[in-house]
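J.: If you read the sequence shown in my numbering, its first letter stands for residue 303, the second for the next number, and so on. Glycine residues also receive a C-beta, built at the ideal position from the N, C-alpha and C atoms. First, the structure itself, so that you have it in front of you.
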Amino acid sequence: LIGERGREVREFIEETLGEEGLKRAVVVVATSDEPALKRRQAAYMTMAVAEFFRDQGLEVLCLMDSVTRFAMAQREIGLAAGEPPTTKGYTPTVFTELPKLLERAGPGPIRPDGTEAGPITALFTVLVDGGDHDEPIADAVRGILDGHIVMDRKIAERGRFPAIDVLKSVSRTMPGNQSPPERELNRRARQCLSAYSNMEELIRIGAYRTGADPIVDRAIALNPALEGFLTQDKDDVTRLADSFDRLETILNQGMVDQ
């Protein structure tokens with residue numbers, strides 16, 4: 303937890319992890335009132351701890367919140383050292399340090415005996431300024447990592463949680479981890495969501511006429527079911543296979559209705 307408030311740290315430890323979670327977790331904390339050097343070093347210490355367990359052959363899940371505050375700490379250090387500010391005031395070393403930090407996640411190295419160390423699966427959060435997903439830190443991180451899950455304030459405002467914008471979210475490893483039928487379901491679902499998103503403003507003001515476009519008509523018919531499919535309580539657990547079965551039912555029902 304880098305640059306977080308003390309209340310959020312306590313809430314994460316006591317409620318999110320709890321006693322059972324703490325038995326299998328190491329928590330590294332540098333709150334927002336800590337010096338920039340300590341906030342920066344906490345991020346590197348987090349990766350060092352993850353690498354320690356990875357080298358023992360364990361599968362490690364590393365959560366870091368947030369990379370943005372790590373970058374802010376590095377910016378403070380750079381400015382104090384006399385570096386010139388660049389985009390949004392970030393110093394050049396911010397963009398050289400990000401790959402050094404983030405590239406430490408992923409598959410483990412091959413040992414001399416030919417075996418592979420355990421992997422580090424990492425989730426890094428990035429805070430965007432005013433909803434601008436092309437701001438410097440988000441843009442730099444997007445180019446380093448294998449995928450990104452985009453959260454949208456507008457989706458949260460209409461009460462759908464988790465507030466994930468599926469169309470803007472990307473996984474570069476997902477195609478290789480899905481079967482052909484699963485990839486086809488994914489393609490069909492995204493097509494419906496995209497068609498509805500492109501016409502959403504006209505639909506809401508009543509300017510779209512049913513029958514003008516069969517693809518949009520089908521997207522309108524399926525949208526309530528797809529929104530329900532994308533809604534999940536934080537305590538709900540659903541198997542991946544069950545999710546694909548439900549998605550297939552929704553999409554095939556749309557074909558029958560058509």
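Going by beta carbon distance, what residues of the same chain come within less than 6 Å of R261, once the five residues before and after it are set aside?
T.: Because residue 261 is not part of the residues shown, which for the chain are 303 to 560, the question remains open.
J.: Here's a check: name, in chain order, each residue in its chain whose Cβ is nearer than 8 Å to the Cβ of I466, leaving out the five neighbours to either side.
T.: Contacts found: I451, V452, M453, D454, I457 and L532.
J.: Apply the 10 Å Cβ neighbour rule to E321 and answer buried if 16 or more other Cβ atoms are within range, or exposed otherwise.
T.: It counts as exposed.
J.: Quick test of the definition: if touching needs 3 or more C-beta pairs under 8 Å, does the region 315-331 touch the region 385-403?
T.: No, the region 315-331 is not in contact with the region 385-403.
J.: According to DSSP, which residues form a beta bridge with M501?
T.: Bridge partners of M501: none, in fact.
J.: Select from R511, L549 and A521 the residue whose C-alpha is nearest the C-alpha of R485.
T.: Comparing Cα-Cα distances from R485 to each of R511, L549 and A521, the minimum goes to L549.
J.: Does the Cβ of Q618 have 16 or more other Cβ atoms within 10 Å, making it buried, or fewer, making it exposed?
T.: What the structure shows of the chain is the stretch from 303 to 560, and residue 618 is not part of that stretch, so it cannot be assessed.
J.: Report yes if the CB atom of V468 is closer than 8 Å to the CB atom of F426, and no otherwise.
T.: Contact: no.
J.: Measure the CB-CB distance between E405 and I439 and report whether it falls below 8 Å.
T.: No; because the gap between Cβ atoms is not below 8 Å, this pair is not in contact.
J.: Report, in whole angstroms, the separation of the C-beta atoms of F561 and I304, which I expect to be a contact under 8 Å.
T.: Given a span of 303 to 560 for the chain in the structure shown, any question on residue 561 remains unanswerable.
J.: Which ranges does the beta strand (DSSP E) cover as unbroken runs of at least 3 residues, wholly within the region 378-461, from first to last along the chain?
T.: Runs found: 422-426.
J.: Less than 8 Å separating the beta-carbons of A345 and M374?
T.: Not closer than 8 Å, so no.
J.: Apart from the five residues on each side of it in sequence, which residues of its chain come closer than 7 Å, Cβ to Cβ, to G487?
T.: A small correction: the amino acid at residue 487 is Leu; Gly does not occupy that position in the sequence shown. F546, L549, E550 and L553.
J.: What span of residues does the alpha helix (DSSP H) with S349 cover, start to end?
T.: Looking at the sequence itself, residue 349 is Met, so the reference to Ser does not match. Segment A338 to R356, the alpha helix (DSSP H) holding M349.
J.: Can you round the beta-carbon distance between L528 and A491 to whole angstroms, since I take them to be within the 8 Å contact cut?
T.: Contact flag correct, Cβ pair sits at about 7 Å.
J.: Near T512, which residues of its chain fall below 7 Å by C-beta distance, leaving aside the five closest residues on each side in sequence?
T.: Excluding residues within five positions, the ones whose Cβ falls inside 7 Å are D519.
J.: Whole angstroms is fine: what's the gap from G508's alpha carbon to V396's?
T.: So the two alpha carbons sit approximately 48 Å from each other.
J.: Return the Cβ separation of I505 and I517 in integer angstroms, given the expectation that the two are a contact with Cβ distance under 8 Å.
T.: The Cβ separation is near 13 Å, so there is no contact.
J.: Taking L495 as the reference, which of P526, V539, T417 and R474 has the closest Cα?
T.: Of P526, V539, T417 and R474, the residue nearest in Cα terms is P526.
J.: Give me the Cα-Cα distance between T398 and G308, rounded to the nearest whole angstrom.
T.: Their Cα atoms are separated by approximately 29 Å.
J.: Is it buried or exposed for M596, if we count other Cβ within 10 angstroms and need 16 for buried?
T.: Residue 596 lies beyond the residue range present for the chain, which begins at 303 and ends at 560; the question has no answer from this structure.
J.: Could you give the DSSP three-state label for A509: helix, strand or coil?
T.: DSSP places A509 in coil when its eight states are reduced to three.
J.: Return yes when the Cβ of A382 is within less than 8 Å of the Cβ of A407, no when it is not.
T.: Not closer than 8 Å, so no.
J.: Rounded to whole angstroms, how far is the Cβ of Q376 from the Cβ of P464, which I believe are closer than 8 Å?
T.: Not quite, the Cβ-Cβ distance comes to about 29 Å (not below 8 Å), so this is no contact.
J.: Could you check what DSSP says for V331 in three-state terms: helix, strand or coil?
T.: Of the three classes helix, strand and coil, the one that applies to V331 here is coil, per DSSP.
J.: Let me know if A514 comes out buried or exposed under the rule of 16 or more other beta-carbons within 10 Å of its beta-carbon.
T.: Flag for A514 reads exposed.
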